[in-house]
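Visitor:
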Amino acid sequence: MLLAERHESERLRQIIKELQRHRFGRKAESLPEEQMLLGLEDVQQVAACTEASQDATARAERARKRRNNRGALPAHLPRIEVVVDIEDKTCPCCRGDLHQIGEDKSERLDLVPAQFRVVVTRLRGGDQGETPLFADETTVPVLDPGRGRTKTGQLWAYAADDRPWGGLDPPGIAYVYAPDRKAERLFSHLAGFKGVLQVDGYNAYPKLAERGEVELAFCWVHMRRNFYELATAGPAPIASEALKHIAAFYAIEKEIRGRSAEERRLVRQQKSRPLADAFEAWLRAKLALISQKIKLAEAIRYALSRWQGLTRFIDDGRIELDNNTVERSIRGIKLSRKNALFAGSDGGAEHWAVVATLVETCKVNDVDPLAYLTDVLTRIVNGHPNRDIDQLLPWAFRAQALKAVA
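Put into structure tokens, the structure is as follows:
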């Protein structure tokens, strides 16, 4: 490379001298114009060869860098290892075990096309009811293009979890979007359901119970919250005493968690029933002694007006004391609601509900949502048959993963 450049420079200096003689020298020393052009053409060829050589060197360097960079995909991307190995590791000669003498490793970026579908699950109950359901709802902001701002939609959440009483069915959570909070939405979602529905104090649930197919079990946490707010605001002996009564019920529940539904019912009949009768009498007595316009009276009336639903757990070991099962699942929705700001439309909010259903059901089944969604979308793209849709549910994914480990 250096020799070529040196030769080119020397040749240019010679041409310059010849040009000077041609322009300023004696006529006898002048060069014909054709000869000058031939000299310049020779230099141009040398320069072109040099540039071509430099370009080839640069291309070779870029190719070398590309080869060195193969496999260096971003470290933050999840890795899925696929091991390609021989099936029979027995030596055909000595019938001993073959030994691994090396391996080739490569990485490639994998993009899985996504396809979302809505799986509609209708909950049907017999005369005795299926598993009790937990129900709750939360708001979601939805873009309202016609008005230039967001409107308030509703995500209704329904959960089932048999684990506290040793049930064998896997837990699950379903979210359904609705543009409002009208009771008709609840009627539509639970059409055909018969059994126990565990809820908070929203007045749409009693309207559902009036139809005669649903029995309500009210949440003790919501009832307790009214007394707790009074007790923490300042001296409130009656509210503090109410909290002690409630704590006694939770102490019993802690002892029987995980036992069979029948065992829980028997213990509650023996221990919780007397506590409930005493607590109800105490509440009525205190209500008669205080002003009916103060917050404490409102807290007591809230409990007494829902007493049948609050104490329904005593006669049914499948019922929980509170609605925390579905309340916990909604926390993730509230967090994502802050991050996402709003849904782009009612349709977008419906998609939000579908994804939330899958993600939260994964969580309660101890399944990694990302791993699950990657597996399911891959199967769908590869033509998973509709008749085997049950194999795509989160608890089926968990069972398959455990089987693979075993």
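Everything in the sequence shown is counted per the working numbering, starting at 21 for the first residue and increasing by one.
Backbone N, C-alpha and C define an ideal beta-carbon position, used for all residues, glycine too.
Note that the structure is a prediction, hence the values are computed from the model and not measured.
1. Given Asp-428, which residues of its chain have a CB within under 8 Å of its CB, disregarding the five upstream and five downstream residues?
2. Distance check for Thr-159 and Phe-362, CA to CA, integer angstroms please.
3. Could you check whether Glu-340 and Pro-165 sit closer than 8 Å to each other, using their CB atoms as the reference points?
4. Which two residues bound the contiguous alpha helix (DSSP H) that contains Ile-400?
5. Look at the alpha carbon of Val-431 and the alpha carbon of Arg-231, and state the distance between them as a whole number of angstroms.
6. What are the start and end residues of the alpha helix (DSSP H) that includes Phe-333?
7. Among the candidates Asp-336, Gly-368, Arg-321, whose CA atom is the shortest distance from the CA of Thr-151?
8. Looking at the unbroken alpha helix (DSSP H) that takes in Gly-367, where does it start and where does it end?
9. Would you identify the three-state DSSP class for Arg-169, choosing helix, strand or coil?
10. What does a CB cutoff of less than 7 Å around Leu-303 pick up in its chain, not counting 5 residues either side in sequence?
11. Measuring CA to CA, which of Lys-354, Phe-417, Lys-202 is closest to Cys-382?
12. Would you tell me roughly how many angstroms separate the C-alpha atoms of Ile-193 and Arg-279, rounded to the nearest one?
13. Only counting runs of 4 or more residues, tell me where the alpha helix (DSSP H) segments fall wholly within the segment 262-331, in order along the chain.
14. Based on DSSP bridge pairs, tell me the residues matched to Asp-181.
15. The alpha helix (DSSP H) spanning Ala-203 covers which residue range?
16. In angstroms with no decimal places, state the Cα-to-Cα distance between Gly-146 and Lys-214.
17. Under 7 Å: does the beta carbon of Ile-339 sit that close to some heavy atom of the ligand ATP?
18. Please state whether DSSP places Phe-154 in a helix, a strand or coil.
19. Identify every residue that forms a DSSP beta bridge with Glu-235.
20. Here's the rule I'm using: 16 or more other beta-carbon atoms within 10 Å means buried, otherwise exposed. How should Tyr-225 be labelled?
21. Assign Phe-207 to buried or exposed, taking buried as 16 or more other Cβ atoms, counted over all protein chains shown, within 10 Å of its Cβ.
22. The alpha helix (DSSP H) spanning Tyr-195 covers which residue range?
23. Within 8 Å, do at least three Cβ pairs link the segment 401-417 to the segment 364-373?
24. For the pair the segment 236-249 and the segment 260-273, tell me if three or more CB-CB distances fall below 8 Å.
25. Once you ignore the five residues that flank Asp-342 on each side, which residues in its own chain have a CB closer than 6 Å to its CB?
26. Leaving out the 5 sequence neighbours to the left and right, which residues in its chain are closer than 7 Å to Val-196 when beta-carbon positions are compared?
27. Looking at C-alpha atoms only, which residue of Pro-257, Arg-326, Asp-410 is the closest neighbour of Ala-296?
28. Could you check if Asp-220 is buried or exposed, using at least 16 other CB atoms within 10 Å of its CB as the buried criterion?
29. From which residue to which residue does the alpha helix (DSSP H) around Leu-341 run?
30. Measuring only the C-alpha atoms, how far is Leu-330 from Glu-273?
31. How many Å lie between Ala-179 and Asp-156 at the Cα?
32. Give me the DSSP bridge partner(s) of Thr-159.
33. Within the continuous alpha helix (DSSP H) that includes Tyr-225, where are the two ends?
34. Compare the beta carbon distance of Gln-218 and Ala-237 with 8 Å and say whether it is the shorter of the two.
35. Given that a residue counts as buried once 16 or more other Cβ atoms are within 10 Å of its Cβ, and exposed if not, what is Glu-81?
36. Can you give me the C-alpha to C-alpha distance between Arg-205 and Gly-212, rounded to a whole angstrom?
Guide: Looking at the atomic coordinates:
1. Residue 428 lies beyond the stretch modelled for the chain, which goes from 21 to 426, so this question has no answer here.
2. 11 Å
3. no
4. 389-401
5. Because the chain here runs from 21 to 426, residue 431 falls outside it and cannot be looked at.
6. No alpha helix (DSSP H) holds Phe-333; DSSP gives it neither H nor E.
7. Asp-336
8. 366-384
9. strand
10. Ile-320, Ala-323, Leu-324
11. Phe-417
12. 23 Å
13. 281-287, 293-309, 315-325, 327-330
14. Looking at the DSSP assignment, Asp-181 forms no beta bridge with any residue, so it has no partner.
15. 203-209
16. For Gly-146, the predicted structure reports a pLDDT of 36, less than 50, and the residue's modelled location is therefore unreliable. A value from the coordinates is still provided. Near 7 Å, if we compare the C-alpha coordinates of Lys-214 and Gly-146.
17. Only the bare structure without any ligand can be found here, which leaves the ligand ATP out of the picture.
18. strand
19. Val-216
20. buried
21. exposed
22. Not the alpha helix (DSSP H): Tyr-195 falls in the beta strand (DSSP E), residues 192-198.
23. no
24. yes
25. Cys-239, Trp-240, Val-241
26. Trp-176, His-209, Ala-373
27. Arg-326
28. buried
29. Unbroken run through Leu-341: none, as it is neither H nor E.
30. 14 Å
31. 9 Å
32. Gln-174
33. 224-229
34. yes
35. exposed
36. 14 Å
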